[in-house]
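Reviewing the structure listed below.
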Amino acid sequence: MMEIQEKAIAIIHSPEECKGALLPVRDALEVLSGRWKLQILISLSSGPMRFKQISKAVIGITDKMLSKELKDLEINKLVVRTVYDTFPPTVEYTATEHSKSLQGVIEALKDWGMLHRKEIIGK
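FYI, the numbering for the sequence shown is 1 to 123, going by the UniProt record's numbering.
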């Protein structure tokens with residue numbers, strides 16, 4: 001991991017290159033920011049889910065916040081909302097192929113989180 005960071009730092013030689021490297025990071029953080037989006041995507045990684053299933057899987061999220069976050073994820077093409085013609089209407093949410101490209105990022109965050117927990121609280 002340190003080797004990758006050193007390579008990334010070594011490549012940037014000017015303020016323009018620094019700005020160019022930071023813009024995609026800023027964009028990614030803007031799309032994934034907040035407490036809930038990654039948790040929602042992780043819950044959808046096992047397959048399509050209905051609203052209440054996601055609500056139960058993501059402990060602590062309110063229905064209002066879940067609705068907002070799902071809309072944001074849909075706008076950013078990370079989630080697809082499918083409405084089935086039933087009575088009452090059935091709605092399912094599915095992670096897109098684009099969202100699956102985050103798998104490596106999520107794994108890296110999990111690994112770093114485990115290291116951070118050990119550093120901070122020794123667990």
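Think of the CB as a built atom: it goes at the ideal place given N, C-alpha and C, for glycine as much as any other residue.
For a quick check, are the C-beta atoms of residue i and residue j less than 9 Å apart?
| i | j | result |
| --- | --- | --- |
| T96 | K77 | yes |
| L109 | L38 | yes |
| W36 | E74 | no |
| L23 | L102 | no |
| T82 | P48 | yes |
Considering only residues of the same chain and omitting the five flanking positions on each side of residue i, which have a CB-CB separation below 6 Å?
| i | result |
| --- | --- |
| S99 | L41, L78 |
| K123 | R117 |
| S14 | none |
On the DSSP letters alone, give me the boundaries of the alpha helix (DSSP H) that residue i sits inside.
| i | result |
| --- | --- |
| residue 124 | In the structure displayed, the chain extends from 1 to 123; residue 124 sits before or after that span and is not available. |
| S55 | 51 to 57 |
| I106 | 103 to 121 |
| K43 | At residue 43 the sequence reads Ser, which differs from the Lys that was named. Unbroken alpha helix (DSSP H) run through S43: 37 to 44. |
Going by DSSP, what residues sit across from residue i in a beta bridge?
| i | result |
| --- | --- |
| A95 | V79 |
| T90 | Y84 |
Among the residues of its own chain, which have a CB less than 8 Å from the CB of residue i, if the five just before and after it don't count?
| i | result |
| --- | --- |
| residue 153 | Because the chain spans 1 through 123 in this model, residue 153 falls outside it and cannot be assessed. |
| V25 | none |
Rounded to whole angstroms, what is the Cα-Cα separation between residue i and residue j?
| i | j | result |
| --- | --- | --- |
| M65 | K56 | 13 Å |
| residue 146 | S46 | As displayed, the chain neither begins before 1 nor continues past 123, which places residue 146 out of reach and without an answer. |
| G20 | I121 | 36 Å |
| T62 | I54 | 11 Å |
| M114 | P88 | 43 Å |
| K71 | L29 | 17 Å |
| V80 | D27 | 20 Å |
| S67 | I59 | 14 Å |
| D111 | E119 | 13 Å |
| G34 | E17 | 27 Å |
Residues in its own chain within less than 7 Å of residue i by CB, not counting five upstream and five downstream?
| i | result |
| --- | --- |
| V105 | none |
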